[in-house]
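Contents: one structure, followed by commentary.
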Amino acid sequence: MTQLSLMQTSAEDRSLLHLNYGLMSAFPLLLPLLLGLVLNLSLTKGSSGPLGRSHLRWQRHSMLGLALLLPLSYNLPHDASALALMSLTLMWFVMRIVKGWVSLIDGIAP
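Heads up, the sequence shown is in UniProt numbering, so the first residue is 1 and it goes up one at a time.
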């Protein structure tokens with residue numbers, strides 16, 4: 001099995017961060033989101049610049065927030081409150097994807 005060496009990417013190489021935002025944007029399929037979380041956790045072990053670290057933290061907090069809030073909304077007893085929390089969670093997550101990706105393109109921390 002071939003292992004991807006993530007340590008060889010330079011601190012200025014943002015392609016894996018763009019890939020991770022792309023995986024996050026496919027969140028309705030759930031599997032790309034999980035792959036993005038695995039990629040994010042594997043990239044945090046490597047050495048990257050402050051911009052890369054801030055985006056990795058932003059992505060990780062977004063994915064973990066979604067993973068915590070969606071099951072909470074499924075378990076609410078009232079349909080209206082569950083739908084409201086689910087809608088707010090999804091809007092929050094999409095806003096974080098857009099803000100993070102645009103910030104990455106601009107070369108600034110989210």
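Yeah, the Cβ is synthetic: ideal placement off N, Cα and C, and Gly gets one too.
Keep in mind the model is a prediction, meaning the values are calculated, not measured.
* **Residues of its chain near Asn20, where Cβ-Cβ distance is below 7 Å and the 5 sequence neighbours each way are ignored** => Excluding sequence neighbours, Asn20 sits near Gly36, Leu39, Asn40, Gln59.
* Asked: Quick one, which of Ser48, His61, Leu30 has its alpha-carbon nearest Gly100's?
  -> The shortest Cα separation from Gly100 among Ser48, His61, Leu30 belongs to His61.
* Compute the Euclidean distance between the alpha carbons of Leu29 and Val98, then round it to the nearest angstrom. => Rounded to the nearest whole angstrom, the CA to CA distance from Leu29 to Val98 is 18 Å.
* Count the other CB atoms, across all protein chains shown, that sit within 10 Å of the CB of Leu23; report buried if there are 16 or more and exposed otherwise. => Classification for Leu23: buried.
* Determine the extent of the alpha helix (DSSP H) in which Lys99 is found, giving its start and end residues. => For Lys99, the enclosing alpha helix (DSSP H) has its first and last residue at 79-106.
* If we count the other Cβ atoms within 10 Å of its Cβ and call it buried at 16 or more, is His78 buried or exposed? -> In the assembly as shown, His78 is an exposed residue. Its beta-carbon has fewer than 16 other beta-carbons within 10 Å.
* Asked: Cβ of Leu90 within 8 Å of Cβ of Ala82?
  -> Contact flag unset, no.
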